[in-house]
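The structure appears below as structure tokens.
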Amino acid sequence: MACGVVLVTGDAGFIGGHTVRLLLERGYDVIVLDNLYMGSRDNVPEGVELIVGDVADRDTVARVVKRADYVIHLAAIVSVDEARENPSKQWELMYWVH
Numbered sequence: 004m005a006c007g008v009v010l011v012t013g014d015a016g017f018i019g020g021h022t023v024r025l026l027l028e029r030g031y032d033v034i035v036l037d038n039l040y041m042g043s044r045d046n047v048p049e050g051v052e053l054i055v056g057d058v059a060d061r062d063t064v065a066r067v068v069k070r071a072d073y074v075i076h077l078a079a080i081v082s083v084d085e086a087r088e089n090p091s092k093q094w095e096l097m098y099w100v101h
């Protein structure tokens with residue numbers, strides 16, 4: 004029996020990928036929400052549900068978060084230059100501000 008369902012945003016990146024693997028080893032079911040902008044579908048482990056979408060999309064987040072017992076929010080802009088050029092996008096990603 005699973006320990007619960009964890010929604011992980013940003014799994015297709017480096018840190019998210021390791022986080023998801025650890026959660027799976029510990030017995031959690033995992034749902035991933037990632038727009039694949041900086042990551043790859045190949046980084047999502049087999050058996051994990053991948054929802055390709057943006058954490059800035061309220062409707063998508065509202066629909067997916069209802070299915071989760073826990074949320075680990077790792078989605079972010081990883082490029083410092085891009086974050087500096089568009090700080091409001093970074094703020095939106097980190098705090099879901101609309």
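Residue 4 is where the sequence shown starts when you use the working numbering, and the numbers rise one by one after that. The beta-carbon is built from N, C-alpha and C at its ideal position, and this holds for glycine as well.
(1) Would you identify the three-state DSSP class for D32, choosing helix, strand or coil?
(2) At 4 residues or longer, and completely inside the stretch 47-88: list those alpha helix (DSSP H) runs for me, N to C.
(3) Assess, as a yes-or-no matter, whether the stretch 37-49 is touched by the stretch 63-74 under the definition of 3 or more beta carbon pairs within less than 8 Å.
(4) Using three-state DSSP, classify D14 as helix, strand or coil.
(5) Between D57 and the rest of its own chain, which residues show a CB-CB distance below 6 Å, the 5 nearest in sequence each way excluded?
A quick look at the data gives this:
(1) As a working note, residue 32 is residue 29 in the sequence shown. Strand.
(2) Positions of the alpha helix (DSSP H) runs, each at least 4 residues long and wholly inside the stretch 47-88, are given as 61-68, 83-88 in order along the chain.
(3) no
(4) Translated into the one-based positions of the sequence shown, residue 14 becomes position 11. Looking at D14 - three-state DSSP - the assignment turns out to be coil, as it is neither helix nor strand.
(5) The residue given as residue 57 occupies position 54 in the sequence shown. Here the set comprises N38.
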